[in-house]
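**Student:**
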Amino acid sequence: MKTIPVTCAIIQFGKKVLAVQRSETMKLPLKWEFAGGKIESGESEIDCIKREIFEELNIQIEVKERLTPVIHQYTDFKIKLIPFTAKYVSGELKLKEHSNFVLASKEELINLDWAEADLPILKEYLKT
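Sequential numbering from 13 applies to the sequence shown in the numbering used here.
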């Protein structure tokens with residue numbers, strides 16, 4: 013089974029962090045995740061995360077740090093999730109694919125029903 017390279021961003025809005033909820037029609041419906049998407053052919057990880065965040069959320073970010081990638085096997089697909097910490101720069105947040113979002117403190121993030129691949133990333137982030 014091919015591994016799909018996917019980036020995601022832990023986006024800070026001041027002291028809060030953005031989490032997005034997958035829509036009912038997406039794979040892993042209604043699970044929470046850090047926004048991002050698949051790397052396109054010839055695209056760098058950083059170019060990918062900036063493009064995906066703009067396409068999905070209509071905002072610009074400043075990428076800060078790359079965290080530890082996670083390889084996760086779901087039932088019918090496998091991903092390599094490449095996380096970055098980032099800072100909100102500009103734009104009005106508009107959900108284009110997701111059903112909901114929260115700006116949450118580190119403590120509040122723990123209570124969300126996360127997509128499995130995002131859990132190790134959340135744990136690493138909470139230690140920072």
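Glycine included, every Cβ here is placed at the ideal spot set by N, Cα and C.
All of these numbers come straight from a predicted model, not from anything done at the bench.
1. Please report the straight-line C-alpha distance between I83 and E104, rounded to a whole angstrom.
2. Just to confirm before moving on: does the CB-CB distance between F96 and I61 stay below 7 Å?
3. Using a Cβ distance threshold of 8 Å, determine whether the region 75-94 contacts the region 123-133, with at least three qualifying pairs required.
4. I'd like to check one pair, E68 with K99: are the Cβ atoms closer than 7 Å?
5. On a Cα-Cα basis, can you pick out the residue from K50, P17 and I22 that is closest to T140?
**Tutor:** With the given structure in hand:
1. 32 Å
2. Remark: C-beta atoms of F96 and I61 approach each other more closely than 7 Å.
3. yes
4. no
5. I22
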